[in-house]
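Protein chains in written order, with this note's numbering: chain A, 1 to 157; chain B, 1001 to 1157. Accompanying notes for the structure given below.
Number of protein chains: 2
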Amino acid sequence: MSTTTNPETTTSIVAESSFLQELVRQVRAQDHYGVYRNWADELVLSSFVVSKEKKRQISVDGDVESGTQLRILCFYRAIAACIEKETGQLCQVVIDLSHEGFGWALVWTGRLMVVSATLRDAQRFGYDSLEKLATQGEKVTKSGIEIIQRFPEVARF
Amino acid sequence: MSTTTNPETTTSIVAESSFLQELVRQVRAQDHYGVYRNWADELVLSSFVVSKEKKRQISVDGDVESGTQLRILCFYRAIAACIEKETGQLCQVVIDLSHEGFGWALVWTGRLMVVSATLRDAQRFGYDSLEKLATQGEKVTKSGIEIIQRFPEVARF
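Given below as structure tokens:
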């Protein structure tokens, strides 16, 4: 909710990216008080955009804020949901963060670890732009789908 | 640290179980202040023994105590260490617990999920006796080794 991106470049990006659409769904699912109800999708995702300059201003000394933790969880849940849609395999997500902002983001199905990302400086989680957010989400989703196609027996174990 | 078990039945059990020996190592590794330094191995493990009656007395309404969380982590770390020794595969451990005592215990290597246990009522984590603790730890270790032998390519991915 810190920076709103330029509407001219973002009005259509959510409509064009099934990953961003899924991410919007994940964030809205957490919006128990309806704060985002009347917000455009781009605005809902604006807190995922953190400029390099802004990142430098965020201290990595303290705990990871609960809002940031929730954003990380939504990001990997959106990836899991996209992988599920494509493969039909139910995926589980766990985010494990230490107080210092280090940790793991895990997505698995059956006995197959579909995504295992190490997190560093999680306090600064975010991307330069919605485009980069979409690209990164789609890249991780694609590699997850590929590993399921490669080891289907383990995914179904 | 609540119940000490009968020394007559336990004096040799740690010596006979490589799993319990590993568990003792894991617990002592967390003993930063040397509280357990002069304790016998059986005494170090005594907090893993929780009788059925004692379990009933532990409320599952609140958070899982940090001591209990650490015991769960030590239990699965000991399993991971035993699997590593047998297979040479480096294993990672994550325990993910909700405030209600539900969650996951995960052990993985490469892209293979070696152990994925759902935790329930984690506030009451413990076993009837050191024998049962050893049996359960060895059973989970064995199944982990078997799945690595079955899918070596995924474990090394």
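Virtual Cβ for every residue (Gly too), placed ideally from N, Cα, C. Just so it is clear, the structure is predicted and the values come from calculations on it, not from any experiment.
Query	Result
Please identify, using Cβ separations under 9 Å, the residues of the region 110-122 of chain A that lie next to chain B, in order along the chain.	GLY110, ARG111, LEU112, MET113, VAL114 and SER116
Beta-carbon of B/VAL1014 versus every beta-carbon of chain A: anything under 8 Å?	no
Report yes if the C-beta distance between B/PHE1019 and B/TYR1127 is below 8 Å; otherwise report no.	no
Does the CB of B/PHE1151 have a neighbour CB from chain A at under 8 Å?	yes
Identify every run of the beta strand (DSSP E) within the region 1111-1149 of chain B, keeping only runs that are complete inside it and at least 3 residues long; order them along the chain.	1112-1119
Any idea if B/VAL1044 is buried or exposed, counting beta-carbon neighbours within 10 angstroms, 16 or more meaning buried?	buried
Taking the C-alpha atoms as reference points, what is the distance between B/ASP1061 and B/LYS1055?	13 Å
First and last residue of the alpha helix (DSSP H) that includes B/VAL1024?	1018-1029
Should A/VAL154 be flagged as near chain B, meaning a C-beta pair shorter than 8 Å?	yes
For chain B, find out if any of its Cβ atoms is closer than 8 Å to the Cβ of A/LYS142; answer yes or no.	no
From A/CYS82 to B/VAL1115, what does the alpha carbon distance come to, in whole angstroms?	25 Å
Excluding the 5 residues preceding and the 5 following B/ILE1095 in the sequence, name in chain order all residues of the same chain whose CB lies nearer than 6 Å to its CB.	ILE1072, LEU1073 and ALA1105
Buried or exposed: which applies to B/MET1001, given that a residue is buried once 16 or more other Cβ atoms fall within 10 Å of its Cβ?	Because the pLDDT of B/MET1001 is 49, which lies under 50, any placement of that residue in the model is unreliable, and the number read from its coordinates should be weighed accordingly. Exposed: under 16 other Cβ atoms inside 10 Å.
My understanding is that B/CYS1091 touches B/GLU1084, with C-beta atoms under 8 Å, so please give their C-beta distance in whole angstroms.	5 Å
Does the beta-carbon of A/GLU53 have 16 or more other beta-carbons within 10 angstroms, so that it is buried, or is it exposed?	exposed
Quick one: Cα of A/GLU86 to Cα of A/LEU23, how far?	16 Å
In whole angstroms, what separates the C-alpha of B/ARG1028 from that of B/LEU1130?	17 Å
According to the Cβ coordinates, are A/LEU97 and A/ILE147 closer than 8 Å?	no
At least one CB of chain B closer than 8 Å to the CB of A/VAL27: is that the case?	no
Please report the distance separating the alpha-carbon of A/ALA15 from that of A/GLU42.	10 Å
Using 10 angstroms around the beta-carbon of A/GLU59, count the other beta-carbons present and answer buried if the total reaches 16, otherwise exposed.	This sequence places Ser at residue 59 of chain A; Glu is not what is there. By the neighbour-count rule (16 or more Cβ atoms within 10 Å), A/SER59 is not buried but exposed.
If you run the structure through DSSP and keep just helix, strand and coil, what is B/LEU1073?	helix
Closest Cβ-Cβ distance between B/LEU1106 and chain A: below 8 Å?	yes
From the DSSP output, read off the bridge partner residues of B/GLN1092.	B/TRP1108
According to DSSP, simplified to helix, strand and coil, what is B/GLY1101?	coil
So, is A/TYR33 buried or exposed, given that buried needs 16 or more other C-beta atoms within 10 angstroms?	exposed
Within its chain, find whatever has a CB closer than 7 Å to the CB of B/VAL1140; leave out the 5 residues flanking it on each side and keep chain order.	ILE1079 and VAL1115
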